[in-house]
Amino acid sequence: DAGVTQSPTHLIKTRGQHVTLRCSPISGHKSVSWYQQVLGQGPQFIFQYYEKEERGRGNFPDRFSARQFPNYSSELNVNALLLGDSALYLCASTTGTRTSYNEQFFGPGTRLTVL
Amino acid sequence: AQSVTQLGSHVSVSEGALVLLRCNYSSSVPPYLFWYVQYPNQGLQLLLKYTSAATLVKGINGFEAEFKKSETSFHLTKPSAHMSDAAEYFCAVSEGYGGSQGNLIFGKGTKLSVKP
């Protein structure tokens, strides 16, 4: 079975540009979460989506947005890129129910460099 | 608010020695606790989890952790380090049953080096 996939693997942008990162969850998983991992830090929660609805949002500016599609894949969009947005962006998928523990499975990440 | 503190950003052990990585948490609700491992240029892999069952949790690759509510700790141990254990380890907490399990709060990580 394929795990969580993310594209692209690496990306270089300049300040002020816009970027779209993509994530495909494990088959059967309905929930996707996004995390930002700055070099030398632990991942920070950005968004969670479940069946196309936003279920949670971390402390990130409105330049960050996301959406989930009917096939449960997801996009993370970042507008007006800043140097500080350079990070590894991780996507995690889970079955998503609230009634039991759901393990999150992480993808390999997209390395974004903003110059 | 939930939080995680990992003591020691870098731990170095000799091959065959005990590995001890420390994690303390803060949570106002019964927590779920996790340890993840990250190898260079890779995503996160779950080592083990505590979800309010047994307080001593066994994970993959010989790692285990003990949930101690009185000490608000969830330290990760392995009796004998192997060279392949060299990686970065993250402790994480989330709200338990009924909470938003998609919102993991991570510590800053501990980089484990293993000397031959």
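For the record, the sequence lines run as chains A and B.
Residue 145 in the numbering used here is what sits at position 99 of the first sequence, and the numbering runs on without skipping anything.
Residue 316 in the numbering used here is what sits at position 49 of the second sequence, and the numbering runs on without skipping anything.
All residues carry an ideal CB built from backbone N, CA and C; glycine is no exception.
Quick check on residue i: does DSSP put it in helix, strand or coil?
| i | result |
| --- | --- |
| residue 365 of chain B | In this prediction, residue 365 of chain B has a pLDDT of 48, which is less than 50 and means its spatial position is unreliable; nothing more can be read from the coordinates. |
| residue 300 of chain B | strand |
| residue 328 of chain B | helix |
| residue 319 of chain B | coil |
| residue 158 of chain A | strand |
| residue 285 of chain B | coil |
| residue 130 of chain A | helix |
| residue 270 of chain B | strand |
At 9 Å on the CB atoms, spell out the chain B contacts of residue i, in chain order.
| i | result |
| --- | --- |
| residue 91 of chain A | 369, 370, 371, 372 and 373 |
Comparing C-alpha positions only, which one of the options sits nearest to residue i?
| i | options | result |
| --- | --- | --- |
| residue 294 of chain B | B:350, B:325, B:372 and B:286 | B:372 |
| residue 138 of chain A | B:375, B:303 and B:335 | B:303 |
| residue 284 of chain B | B:272, B:344, B:277 and B:370 | B:344 |
| residue 307 of chain B | B:351, B:319, B:374 and B:360 | B:351 |
| residue 99 of chain A | A:90, A:78 and A:73 | A:78 |
| residue 321 of chain B | B:311, B:336, B:309 and B:310 | B:336 |
| residue 375 of chain B | B:382, B:360 and B:330 | B:360 |
Please compile the residues from chain A whose C-beta is within a distance smaller than 7 Å of the C-beta of residue i.
| i | result |
| --- | --- |
| residue 357 of chain B | 88 |
| residue 310 of chain B | 136, 152, 153, 154 and 155 |
| residue 326 of chain B | Within chain A, no residue comes near residue 326 of chain B; the closest Cβ sits about 12 Å away, beyond 7 Å. |
Roughly how far, in whole angstroms, is the beta-carbon of residue i from the beta-carbon of residue j, given that I think they are within contact range, below 8 Å?
| i | j | result |
| --- | --- | --- |
| residue 50 of chain A | residue 152 of chain A | 6 Å |
| residue 61 of chain A | residue 160 of chain A | 6 Å |
| residue 80 of chain A | residue 126 of chain A | Their Cβ separation, rounded to whole angstroms, is 18 Å, which puts residue 80 of chain A and residue 126 of chain A out of contact at 8 Å. |
| residue 270 of chain B | residue 378 of chain B | So it is not a contact: roughly 20 Å between Cβ atoms. |
Chain B partners of residue i, CB-CB under 8 Å?
| i | result |
| --- | --- |
| residue 149 of chain A | 313 and 316 |
Along chain A, in chain order, which residues have C-beta atoms closer than 8 Å to that of residue i?
| i | result |
| --- | --- |
| residue 275 of chain B | Ordered by position in chain A, no residue passes the 8 Å Cβ test against residue 275 of chain B, which lies about 14 Å from the chain. |
Residues of the stretch 92–120 of chain A whose Cβ lies closer than 7 Å to any Cβ of chain B, in chain order
Listed in chain order, the positions of the stretch 92–120 of chain A with a beta carbon within less than 7 Å of a beta carbon of chain B are 94, 101 and 102.
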